[in-house]
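For reference, the structure is listed below as structure tokens.
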Amino acid sequence: MTNPLRDNSTFERHADACAVVIFGASGDLTRRKLMPALYNLALGRYLAGSFAVVGVARREKSHQEFRTEMKEAVGKFSRRKPVDEAVWGDFEKGISYVPGTFEDKATYQKLREHLETLDQERGTRKNRLFYLAVPPADFGVIAQGLKEAGLVAPSNGKGGSRAAPDVQRNGAPWTRVVIEKPFGHDLASARELNATVGKVFSEDQVFRIDHYLGKETVQNLLVFRFANSLFEPVWTREHVDHVQITVAEEIGVEGRGKFYEQTGVTRDIVENHLMQLLCLTAMEPPISLEADAVRDEKVKVLRSLRPIERSLVTENVVRGQYGRGFVRAEEVPAYREEPDVASDSAVETYVAMRIFVDNWRWGGVPFYVRAGKRLLRRVTEIAVQFKKVPHTLFRPADGGITPNVLSLRIQPDEGISIRFTSKEPGQTTILRDVAMDFRYGAAFGSNTPEAYERLLLDAIRGDATLFTRSDEVEHQWAFMDRVFEGWNGGGGAPPPIYPAGSWGPEQADDLLARDGRRWRKP
1 MTNPLRDNST FERHADACAV VIFGASGDLT RRKLMPALYN LALGRYLAGS
51 FAVVGVARRE KSHQEFRTEM KEAVGKFSRR KPVDEAVWGD FEKGISYVPG
101 TFEDKATYQK LREHLETLDQ ERGTRKNRLF YLAVPPADFG VIAQGLKEAG
151 LVAPSNGKGG SRAAPDVQRN GAPWTRVVIE KPFGHDLASA RELNATVGKV
201 FSEDQVFRID HYLGKETVQN LLVFRFANSL FEPVWTREHV DHVQITVAEE
251 IGVEGRGKFY EQTGVTRDIV ENHLMQLLCL TAMEPPISLE ADAVRDEKVK
301 VLRSLRPIER SLVTENVVRG QYGRGFVRAE EVPAYREEPD VASDSAVETY
351 VAMRIFVDNW RWGGVPFYVR AGKRLLRRVT EIAVQFKKVP HTLFRPADGG
401 ITPNVLSLRI QPDEGISIRF TSKEPGQTTI LRDVAMDFRY GAAFGSNTPE
451 AYERLLLDAI RGDATLFTRS DEVEHQWAFM DRVFEGWNGG GGAPPPIYPA
501 GSWGPEQADD LLARDGRRWR KP
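Residue 519 in UniProt numbering is what sits at position 519 of the sequence shown, and the numbering runs on without skipping anything.
Below, the structure written as structure tokens:
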């Protein structure tokens with residue numbers, strides 16, 4: 001019988017029995033994010049008792065060696081310290097390791113035999129979540145290897161629905177695959193990758209992960225918009241002057257020079273993280289919180305983006321590359337001085353764009369987006385600036401009226417701020433720009449779950465709401481490809497150099513100045 005005293009909302013977040021298989025288990029992502037996330041889920045009692053984690057990588061090591069390495073990683077990178085020995089002791093019983101190369105068919109046969117043993121010993125019920133923490137070049141190889149080894153169960157059509165877990169709990173075994181970004185490097189490669197993965201997995205089995213969507217503050221954007229009647233009526237072109245979305249980082253490429261030479265900040269951040277923030281800001285209310293209902297509305301935004309023609313790239317897009325400078329009073333090298341970076345590299349580490357969403361709600365409202373490395377401070381923010389009052393009753397000498405701004409801070413100081421004009425106390429009318437500020441840490445405590453915790457649990461449960469669908473990926477690339485064509489076709493000069501520790505190149509300020517606007521200082 002169902003316990004009537006049990007919290008249903010908590011119960012719904014529990015996961016099926018399953019085995020999580022991590023390809024690339026010796027990499028940084030597994031150590032820093034995946035294993036700490038799984039441990040924290042176990043600590044919160046979200047995982048089933050019949051649960052296992054299998055690492056797959058090229059290096060030879062025993063089960064115990066892998067467990068020891070993972071415990072060290074959890075102790076170092078988990079948000080909850082120190083490691084709870086009782087919880088870890090139970091959790092590590094389900095951790096194991098299978099060595100082998102991804103090209104070798106024998107690797108998948110060993111994996112199959114091991115998983116069948118876990119089904120018997122751990123009760124994982126033939127449910128599999130394969131996590132590809134590997135470069136994109138390995139996606140197709142691993143997918144084909146899994147298929148040939150008989151490790152991919154047919155789709156039951158329920159993998160991408162919020163209702164799926166309740167349906168599947170007593171149903172047939174399921175198979176899902178989580179794929180890390182970058183998902184392709186242009187539209188053609190994204191389509192090819194979708195086709196390659198699609199030969200093995202159906203769309204409802206594929207979970208393309210963007211960790212930004214797992215952040216609590218990003219998820220709260222939907223709640224803020226669609227659970228509060230105060231804001232949604234003014235979330236339109238009649239009231240909004242423009243929107244600014246900033247993804248700024250203090251750090252440089254952090255030893256990833258070879259990777260950045262192939263991607264640049266546009267492919268690394270703008271095409272995925274930033275475009276997803278734009279979609280959540282501009283989308284219409286979905287008819288429900290079903291995965292496809294939410295993702296349908298995001299796709300509508302992507303389809304509504306005004307294409308940036310090659311001849312207009314220089315008018316709507318600014319790129320830059322960081323030079324030497326000072327970050328937090330410490331001198332840092334230029335991008336071209338980083339390891340594995342060409343001395344004459346033209347790769348962008350900063351990009352700013354003016355984007356228009358050509359639909360009824362947003363027609364004529366510019367979205368100014370920017371992302372960059374080695375900027376003044378680390379901040380991710382969505383700022384909605386409202387139009388000025390149609391008729392001012394106050395003189396400029398009184399202090400003037402500044403436009404109202406609603407800012408949603410994604411990181412690091414998570415919160416929501418509303419700026420408005422108020423009168424200073426006193427016998428004269430002096431206006432002052434003030435803020436009402438909501439901070440997550442103060443309201444809910446600072447120990448917020450990591451993005452990977454939410455996303456891994458959702459993938460195990462078959463909830464694809466916070467994952468990217470194939471058509472989303474292709475529409476994002478279709479928009480960005482026009483920008484690359486403009487750059488490659490002579491539509492822009494080599495990126496100007498901006499000093500590390502600044503807010504980017506001066507040309508980015510000109511992008512807004514031409515419209516009579518300026519960037520916010522987050």
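Every residue gets a Cβ at the ideal spot worked out from N, C-alpha and C, and that includes glycine.
Ignoring anything shorter than 4 residues or poking outside the region 217-285, list the alpha helix (DSSP H) runs there in chain order.
257-265, 275-282
Do the CB positions of phenylalanine 467 and arginine 191 come within less than 8 Å of each other?
Start at 1 with the first residue of the sequence shown, and residue 467 comes out as number 467. Start at 1 with the first residue of the sequence shown, and residue 191 comes out as number 191. No.
Looking at the secondary structure, which residues open and close the alpha helix (DSSP H) in which leucine 193 lies?
The residue given as residue 193 occupies position 193 in the sequence shown. Unbroken alpha helix (DSSP H) run through leucine 193: 187-198.
One question on the structure: do tyrosine 498 and glycine 264 come within less than 8 Å of each other, judged by their Cβ atoms?
As a first step, residue 498 is located in the sequence shown; it is residue number 498 there, counting from the start. As a first step, residue 264 is located in the sequence shown; it is residue number 264 there, counting from the start. At the C-beta level, tyrosine 498 and glycine 264 stay beyond 8 Å of one another.
Nearest by alpha-carbon distance to serine 407: which of Gly462, Gln476, Leu221, Val318 is it?
Here residue 407 refers to the residue found at position 407 of the sequence shown. Cα-wise, what sits closest to serine 407 is Leu221.
Going by alpha carbons, who is nearest to isoleucine 382 out of Leu278, Glu203, His63, Tyr322?
Position 382 of the sequence shown holds residue 382. Cα-wise, what sits closest to isoleucine 382 is Leu278.
Quick one: is alanine 248 buried, meaning 16 or more other Cβ sit within 10 Å of its Cβ, or exposed?
Mapped onto the sequence shown, residue 248 falls at position 248. It counts as buried.
Return helix, strand or coil for alanine 19, following the three-state DSSP convention.
Here residue 19 corresponds to residue number 19 of the sequence shown, with the count starting at 1. Three-state result, alanine 19: strand.
Return helix, strand or coil for threonine 380, following the three-state DSSP convention.
For this step, residue 380 is matched to residue 380 along the sequence shown. Strand.
Helix, strand or coil for leucine 47? Go by DSSP, reduced to three states.
Translated into positions along the sequence shown, residue 47 becomes position 47. Coil, per DSSP.
Kindly indicate the opening and closing residues of the beta strand (DSSP E) around glutamine 411.
Looking up residue 411 in the sequence shown gives position 411. Glutamine 411 -> beta strand (DSSP E) spans 405-411.
Please report the residue range of the alpha helix (DSSP H) in which arginine 67 lies.
Reading the sequence shown from its first residue, position 67 is the one you call residue 67. 63-77 is the span of the alpha helix (DSSP H), which, as asked, contains arginine 67.
Between the C-alpha atoms of aspartate 292 and glycine 462, what's the straight-line distance to the nearest angstrom?
Along the sequence shown, read from residue 1 onward, the residue named residue 292 stands at position 292. Along the sequence shown, read from residue 1 onward, the residue named residue 462 stands at position 462. Each residue's CA atom was taken as its position, placing aspartate 292 and glycine 462 some 12 Å apart.
Count the other CB atoms, across all protein chains shown, that sit within 10 Å of the CB of arginine 162; report buried if there are 16 or more and exposed otherwise.
Taking the sequence shown and counting its residues from 1, one reaches residue 162 at position 162. Per-residue confidence for arginine 162 stands at a pLDDT of 41, beneath the threshold of 50, marking its modelled position as unreliable; the derived number appears in the next sentence. Flag for arginine 162 reads buried.
Who are the Cβ neighbours of histidine 475 in its own chain at under 7 Å, not counting the five residues just before and after it?
Position 475 of the sequence shown, counted from the start, is the residue given in the question as residue 475. Cβ neighbours of histidine 475 beyond the five flanking positions: Val299, Leu302, Arg303.
Proline 182 and tyrosine 136 - do their beta-carbons sit closer together than 8 Å?
Indexing the sequence shown from 1 puts residue 136 at position 136. Indexing the sequence shown from 1 puts residue 182 at position 182. Reading the sequence as shown, one finds proline at residue 136 and not tyrosine. Yes, they are a contact pair.
Note down the Cα distance separating lysine 388 from valine 243, rounded to an integer number of angstroms.
Here residue 388 corresponds to residue number 388 of the sequence shown, with the count starting at 1. Here residue 243 corresponds to residue number 243 of the sequence shown, with the count starting at 1. Answer to the nearest angstrom: the Cα atoms are 14 Å apart.
Taking the DSSP output, what are the residues bridged to glutamate 331?
The residue you call residue 331 lines up with position 331 of the sequence shown. Beta-bridge pairing links glutamate 331 to Phe326.
Three-state secondary structure (DSSP) at valine 54?
On the sequence shown, position 54 is the one that residue 54 refers to. Looking at valine 54 - three-state DSSP - the assignment turns out to be strand.
Does DSSP classify leucine 375 as helix, strand or coil?
The residue labelled residue 375 in the question sits at position 375 within the sequence shown. The answer is strand: DSSP assigns leucine 375 an E or B state.
I need the boundaries of the alpha helix (DSSP H) containing threonine 107, first residue and last residue.
If you number the sequence shown from 1, residue 107 lands on position 107. Start and end: 105-121.
I need the DSSP call for asparagine 8, collapsed to helix, strand or coil.
The sequence position of residue 8 within the sequence shown is 8, counting from 1. Because the pLDDT of asparagine 8 is 41, which lies under 50, any placement of that residue in the model is unreliable, and the number read from its coordinates should be weighed accordingly. Of the three classes helix, strand and coil, the one that applies to asparagine 8 here is helix, per DSSP.
Determine the direct distance from the alpha carbon of histidine 185 to that of leucine 47, and round the result to whole angstroms.
Taking the first residue of the sequence shown as 1, we reach residue 47 at position 47. Taking the first residue of the sequence shown as 1, we reach residue 185 at position 185. C-alpha separation (whole angstroms): 35 Å.
Which residue's Cα is closest to the Cα of asparagine 404: Leu312, Ser417, Lys110?
Residue mapping note: residue 404 aligns to position 404 of the sequence shown, counting from 1. The shortest C-alpha separation from asparagine 404 is found at Ser417.
Give me the residue from Val177, Arg79, Val379 with the minimum Cα distance to asparagine 447.
Within the sequence shown, the letter at position 447 stands for residue 447. Out of Val177, Arg79, Val379, Arg79 has the C-alpha closest to the C-alpha of asparagine 447.
Write down the C-beta distance between cysteine 495 and glutamate 348 rounded to the nearest angstrom, noting that I regard them as a contact closer than 8 Å.
Taking the first residue of the sequence shown as 1, we reach residue 495 at position 495. Taking the first residue of the sequence shown as 1, we reach residue 348 at position 348. It is worth fixing the name first, because residue 495 is proline in this sequence and not cysteine. The pair is a contact, with the Cβ atoms about 5 Å apart (cut-off 8 Å).
Let me know the secondary structure DSSP gives alanine 143 once reduced to three states.
Against the sequence shown, residue 143 aligns to sequence position 143. The answer is helix: DSSP assigns alanine 143 an H, G or I state.
For the putative contact between threonine 175 and valine 152, defined by C-beta atoms under 8 Å, what is the C-beta separation to the nearest angstrom?
For this step, residue 175 is matched to residue 175 along the sequence shown. For this step, residue 152 is matched to residue 152 along the sequence shown. Threonine 175 to valine 152, Cβ: 5 Å. Contact.
Using 8 Å as the threshold, is the C-beta distance between asparagine 156 and cysteine 18 below it?
As a working note, residue 156 is residue 156 in the sequence shown. As a working note, residue 18 is residue 18 in the sequence shown. No. Outside cutoff.
Opposite aspartate 481 in the DSSP bridges: which residues?
In the sequence shown, counting from the first residue as 1, residue 481 sits at position 481. Bridge partners of aspartate 481: none, in fact.
Terminal residues of the continuous alpha helix (DSSP H) containing lysine 300?
For the purposes of this step, residue 300 is taken as the residue at position 300 of the sequence shown. Run containing lysine 300: 291-304, per the alpha helix (DSSP H) assignment.
Can you tell me whether serine 345 is buried or exposed, with buried defined as 16 or more other CB within 10 angstroms of its CB?
Here residue 345 refers to the residue found at position 345 when the sequence shown is read from its first residue. With 16 or more Cβ atoms within 10 Å of its Cβ, serine 345 is classed as buried.
With a 10 Å radius around its C-beta and 16 neighbouring C-beta atoms as the bar for buried, classify phenylalanine 479 as buried or exposed.
As a working note, residue 479 is residue 479 in the sequence shown. Its Cβ being crowded by 16 or more others within 10 Å, phenylalanine 479 is buried.
If we call anything under 8 Å between Cβ atoms a contact, is glycine 252 one with arginine 374?
Working through the sequence shown from its first residue, we reach residue 252 at position 252. Working through the sequence shown from its first residue, we reach residue 374 at position 374. Result yes, Cβ atoms of glycine 252 and arginine 374 sit closer than 8 Å.
Suppose you measure from the CA of glutamate 216 to the CA of alanine 451; what does that come to, to the nearest Å?
On the sequence shown, position 216 is the one that residue 216 refers to. On the sequence shown, position 451 is the one that residue 451 refers to. Going by C-alpha positions, glutamate 216 is about 7 Å away from alanine 451.
On the DSSP letters alone, give me the boundaries of the beta strand (DSSP E) that residue 563 sits inside.
Here the chain has residues from 1 to 522 only, and residue 563 is not among them.
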